[in-house]
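The structure appears right after this line, and notes come after that.
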DNA sequence: TACTATGTTTAGTAATTACTAAACATAGTA
DNA sequence: TACTATGTTTAGTAATTACTAAACATAGTA
């Protein structure tokens, strides 16, 4: 039976690493976030080195990524030249930040490209044959799906204001 | 100006490759799906080889993954020993299938591990100090977030029945 | 100014993943 | 039975990614 707090924390950090890896992020990123998330006080780079087993270099770059997507914040103490890092605890804020960040990503470039494809197909619909129509319909259906997912993203953002309980209620109504 | 259908299709397939890669899947997987999705008729393995530029081996394995998550279906024609593949066009069905498939994945193992952590922390809450309480609260907050996301997954599944327009309406009400 | 404590960048390595080429297996056909 | 058309598996390679070790940059301090 593992009732020792430190072991529990290590397990937790490992789980977050796995989750991170699953989503295509370095597992070190998950570990760093996990350690910070369980720490009552902000941690310095050296403390992170100690607690994650990664090197300064790795932490330096990964902590920057985490800060960019809003999952970690960097702060300083007066009279102390170290940087300190702490976890964002408002996940909805983080998600909003991630979605915003995503705007410039390769992902959105690809999504936009699909939309452009659709426009071109629509523009040429009148003067082209059934193969063209077929492509048009397929791409349009995919685009509609993307739009639906996108509106779900908005729902996630709104979740913050609604709170979990209300979401449950709404889902109940949908049934 | 690219108004030649074949070029448009190639662009589309390339976009899907990118999206696939973004989500941590091989880009070949996106390409295969893209080609099938734009094809009015099911395609054989050799036709996929021709249209994607991948080798038989790669297609053989990746098409299997796609079938496992329900994005592609395999079929046969009587008196023809080839296998034929076609794209699932009902994305909600595919998503449902993916979510179900996910149950056994590393991802869900990790998620479950977080839930277990929470249970252990809750069980020991009475007989432990403030550090323990702190960890308990943090892990509980994360778990609540996961639950909220999970209920969104359910929402995605329900989207199918509701249709896009209704979702828009509901989101309007939420505002 | 030289020294120290810090964080960052860089060059290279280890680990992982996607893929190819070719051997293999199998079901059908002559 | 030998042959053919198909799909699968396997061994190895190429490409990518995560990470380390160490050089570097910089701001502060003696």
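Residue numbers (the working numbering), protein chains in the order written: chain A, 1 to 175; chain B, 1 to 175.
Note that CB positions come from ideal geometry on N, CA and C, so glycine has one too.
Values in this document were obtained by computation on a predicted structure and should not be read as measured data.
Can you name the residues of chain B whose CB is closer than 7 Å to the CB of residue i?
{"i": "residue 106 of chain A", "result": "18 and 22"}
{"i": "residue 43 of chain A", "result": "None at all; the shortest Cβ gap to chain B is about 14 Å."}
I want to verify the contact list: residues of chain A whose CB lies under 7 Å from the CB of residue i, in sequence order.
{"i": "residue 37 of chain B", "result": "138"}
{"i": "residue 9 of chain B", "result": "135"}
{"i": "residue 141 of chain B", "result": "89"}
{"i": "residue 31 of chain B", "result": "Neighbours of residue 31 of chain B on chain A: none; closest Cβ ~12 Å, over 7 Å."}
{"i": "residue 124 of chain B", "result": "3"}
Would residue i and residue j qualify as a contact pair, given that the criterion is a beta-carbon distance under 9 Å?
{"i": "residue 84 of chain A", "j": "residue 38 of chain A", "result": "no"}
{"i": "residue 93 of chain A", "j": "residue 16 of chain B", "result": "no"}
{"i": "residue 54 of chain B", "j": "residue 69 of chain B", "result": "no"}
{"i": "residue 78 of chain B", "j": "residue 128 of chain A", "result": "no"}
{"i": "residue 114 of chain A", "j": "residue 143 of chain A", "result": "yes"}
{"i": "residue 135 of chain A", "j": "residue 8 of chain B", "result": "yes"}
{"i": "residue 97 of chain B", "j": "residue 71 of chain B", "result": "yes"}
{"i": "residue 3 of chain A", "j": "residue 124 of chain B", "result": "yes"}
{"i": "residue 41 of chain B", "j": "residue 86 of chain B", "result": "yes"}
Which residues of chain A have a Cβ atom closer than 8 Å to the Cβ of residue i, listed in chain order?
{"i": "residue 40 of chain B", "result": "131 and 134"}
Closer than 9 Å, CB to CB, is residue i near chain A or not?
{"i": "residue 121 of chain B", "result": "yes"}
{"i": "residue 183 of chain B", "result": "Here chain B has residues from 1 to 175 only, and residue 183 of chain B is not among them."}
{"i": "residue 15 of chain B", "result": "yes"}
{"i": "residue 12 of chain B", "result": "yes"}
From residue i to residue j, what distance separates their C-alpha atoms?
{"i": "residue 51 of chain B", "j": "residue 57 of chain B", "result": "15 Å"}
{"i": "residue 35 of chain A", "j": "residue 13 of chain A", "result": "6 Å"}
{"i": "residue 108 of chain B", "j": "residue 19 of chain A", "result": "9 Å"}
{"i": "residue 49 of chain B", "j": "residue 24 of chain B", "result": "22 Å"}
{"i": "residue 63 of chain A", "j": "residue 106 of chain B", "result": "24 Å"}
{"i": "residue 151 of chain B", "j": "residue 152 of chain A", "result": "12 Å"}
{"i": "residue 21 of chain A", "j": "residue 28 of chain B", "result": "20 Å"}
{"i": "residue 67 of chain A", "j": "residue 130 of chain B", "result": "28 Å"}
{"i": "residue 90 of chain B", "j": "residue 61 of chain A", "result": "41 Å"}
{"i": "residue 65 of chain A", "j": "residue 147 of chain B", "result": "26 Å"}
{"i": "residue 141 of chain B", "j": "residue 154 of chain A", "result": "22 Å"}
{"i": "residue 46 of chain A", "j": "residue 81 of chain A", "result": "13 Å"}
{"i": "residue 175 of chain A", "j": "residue 145 of chain B", "result": "The pLDDT assigned to residue 175 of chain A is 41, lower than 50, so where the model puts this residue is not dependable; a value taken from the coordinates is nonetheless given after this. Going from the Cα of residue 175 of chain A to the Cα of residue 145 of chain B covers about 22 Å."}
{"i": "residue 74 of chain B", "j": "residue 99 of chain B", "result": "20 Å"}
{"i": "residue 95 of chain B", "j": "residue 116 of chain B", "result": "27 Å"}
{"i": "residue 59 of chain A", "j": "residue 139 of chain A", "result": "42 Å"}
{"i": "residue 30 of chain A", "j": "residue 122 of chain A", "result": "43 Å"}
{"i": "residue 120 of chain A", "j": "residue 26 of chain A", "result": "38 Å"}
{"i": "residue 126 of chain B", "j": "residue 88 of chain B", "result": "52 Å"}
{"i": "residue 137 of chain A", "j": "residue 112 of chain B", "result": "41 Å"}
{"i": "residue 10 of chain B", "j": "residue 10 of chain A", "result": "47 Å"}
Quick one: which chain B residues come within Cβ less than 9 Å of residue i?
{"i": "residue 72 of chain A", "result": "Within 9 Å Cβ-Cβ: nothing; residue 72 of chain A doesn't reach chain B, min ~14 Å."}
Determine the chain B residues that contact residue i at a beta-carbon separation under 8 Å, and present them in chain order.
{"i": "residue 196 of chain A", "result": "This structure cannot speak to residue 196 of chain A, because chain A is shown only from 1 to 175."}
Is the shortest distance between the beta-carbon of residue i and the beta-carbons of chain B less than 9 Å?
{"i": "residue 98 of chain A", "result": "no"}
{"i": "residue 110 of chain A", "result": "yes"}
{"i": "residue 76 of chain A", "result": "no"}
Closer than 8 Å to a non-hydrogen atom of the ligand GDP - does that hold for the CB of residue i?
{"i": "residue 131 of chain B", "result": "Ligands in the displayed structure: none, and consequently the ligand GDP is not present."}
Residues of the segment 49 to 69 of chain B whose Cβ lies closer than 8 Å to any Cβ of chain A, in chain order: none
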